[in-house]
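Asks: For the sequence shown, position 128 matches number 114 in our numbering, and the numbering has no gaps at all.
Yeah, the Cβ is synthetic: ideal placement off N, Cα and C, and Gly gets one too.
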Amino acid sequence: MKKQITLDLLQSYAQQRSRPDNTLYMSMSFPQACEIVEKTGLSLRTVECAALEEGIIPERYCRNQKSLSNGDQLRLLRSHVAIIGLGGLGGTVTEILARIGVGRLTLVDGDCFDESNLNRQLLSSPANIGKSKAETAKLRVHEINPAIEVHSVPEFFTAENSETILHEVQLAIDCLDTITDRFILEEGCRKASIPLVSAAIGGSSGQATVIFPEDPGLKNIYGPPEKAPKKGGEKSVGTLAFGAVYMAAVECAAATAILLGNLPELRNRLFMAEISSHTTELFSLPGLTEESVD
-13 MKKQITLDLL QSYAQQRSRP DNTLYMSMSF PQACEIVEKT GLSLRTVECA
37 ALEEGIIPER YCRNQKSLSN GDQLRLLRSH VAIIGLGGLG GTVTEILARI
87 GVGRLTLVDG DCFDESNLNR QLLSSPANIG KSKAETAKLR VHEINPAIEV
137 HSVPEFFTAE NSETILHEVQ LAIDCLDTIT DRFILEEGCR KASIPLVSAA
187 IGGSSGQATV IFPEDPGLKN IYGPPEKAPK KGGEKSVGTL AFGAVYMAAV
237 ECAAATAILL GNLPELRNRL FMAEISSHTT ELFSLPGLTE ESVD
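#1: Run through the stretch 136 to 178 for me and flag every whole alpha helix (DSSP H) of 4 or more residues, listed as ranges in chain order.
#2: Since V139 and A120 are thought to touch, with beta carbons under 8 Å apart, how far apart are those beta carbons, to the nearest angstrom?
#3: Measure the Cβ-Cβ separation of L245 and S29 and say whether it is below 7 Å.
#4: Would you kindly check if the distance between the Cβ of L256 and the Cβ of Q193 is under 7 Å?
#5: Going along the chain, which unbroken runs of the alpha helix (DSSP H) with 4 or more residues stay wholly within the stretch 82 to 117?
#6: Distance check for V23 and E276, CA to CA, integer angstroms please.
#7: Helix or strand or just coil, what does DSSP make of T275?
#8: Report the option in R3, D7, C20 and F198 whose CA atom is closest to the CA atom of S13.
#9: According to DSSP, is R61 part of a helix, a strand, or is it coil?
#10: Identify the residues that DSSP records as bridge partners of I69: which are they?
#11: DSSP state of S263, grouped into three classes?
#12: One question on the structure: do K(-11) and T26 come within less than 7 Å of each other, judged by their Cβ atoms?
#13: In the DSSP assignment, find the beta strand (DSSP E) that holds Y11 and state where it starts and stops.
#14: Can the beta-carbon of V33 be found closer than 7 Å to that of L62?
#15: Find the nearest neighbour of Y208 within the set P250, A227 and I165, judged by alpha-carbon distance.
#16: Take A36 and list the residues in its own chain whose beta-carbon comes closer than 7 Å to its own, dropping the five residues that flank it on each side.
#17: Within 10 Å of its beta-carbon, does N131 have 16 or more other beta-carbons around it, so buried, or fewer, so exposed?
#18: Just reading off the beta strand (DSSP E) that R49 is part of, what are its end residues?
Now the structure itself:
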């Protein structure tokens, strides 16, 4: 039988600690949180949320402060994000969001790992060749942060399963490798009335944008869906590991801003990076020209 978490119970485990700048905070360690789980029968995520509500920071998140407040951390733990595609971009996005503390993750990919993934896909390893990307991602999240609730979907995202996958999701992150599938995801997000964070990579280059349901979106980058190419630059130039990690970090920064209720800087803009030369540009999508995209 589940028991209620009382303030006295939380306070009996809380300890005062100091940050690197010597400011003080109330902390709860992972073993202490697990003891409360055993006593109450509640989930670890519920225990961590209850602690944050009382100003007690789970120790794993202490270095998120002071960039994130206790309230911000609580908001992330109560958030639900779908990551569509679990390859070079998606594996790193999964890792980052699990570590920053996004409380519910829906992980979607119908593919299995092969040897060509090893150069860039964070979740791949020789031991994982042939294994489901979605199931491997779920295991990885549980290994990193057992408080995160994970729903793995070992299927490719389609117009047919879109509604089911995006049900109760607050935000979707596009980590796909085909342009045609990105348009399907964008349409699914419009129907679900949720924002989409989208990125693409090729070689040492990348681009990212944020699309809300009412925005023009991908057609301002690729043109009409029926005329857009199936594959982007990755088809001809491959993908380097640092390109995937860099753009995954850009996606996570945008997603975190949205989840915390902040204005996303990339909405209706296209961020473009040439990582090897450390150059970036930010374009306004309504005024974007075809020459700029090329």
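Replies: In short, the structure shows the following:
#1: Counting whole runs of 4 or more residues, the stretch 136 to 178 contains the alpha helix (DSSP H) stretches 148 to 151 and 165 to 178.
#2: Rounded to whole angstroms, the Cβ separation of V139 and A120 is 6 Å, and the two are in contact under 8 Å.
#3: A distance of 7 Å or more separates the beta carbons of L245 and S29.
#4: Q193 places its beta carbon less than 7 Å from that of L256.
#5: Whole alpha helix (DSSP H) segments, 4+ residues: zero.
#6: Residue placement at E276 cannot be trusted, given a pLDDT of 41 that sits under 50; the coordinates are not used to answer.
#7: Residue confidence for T275 is low, a pLDDT of 41 falling below 50, so the modelled location carries little weight; the figure read from the coordinates is stated next. In the structure shown, T275 sits in coil (DSSP, three-state: anything other than H, G, I, E or B).
#8: Of the candidates R3, D7, C20 and F198, the one whose C-alpha sits nearest the C-alpha of S13 is R3.
#9: R61: helix per DSSP, three-state reduction.
#10: When beta bridges are read from the DSSP output, I69 appears opposite L93 and I159.
#11: When DSSP states are grouped into helix, strand and coil, S263 belongs to the helix group.
#12: Yes, the Cβ-Cβ distance between K(-11) and T26 is below 7 Å.
#13: For Y11, the enclosing beta strand (DSSP E) begins and ends at L10 to M14.
#14: The beta carbons of V33 and L62 sit no closer together than 7 Å.
#15: It is I165.
#16: Apart from sequence neighbours up to five positions away, the residues of its chain that approach A36 with a beta-carbon distance below 7 Å are I(-9) and L(-4), ordered along the chain.
#17: Taking all protein chains shown into account, N131 has 16 or more neighbouring C-beta atoms within 10 Å of its C-beta and is therefore buried.
#18: That residue, R49, is in no beta strand (DSSP E); it is neither H nor E in DSSP.
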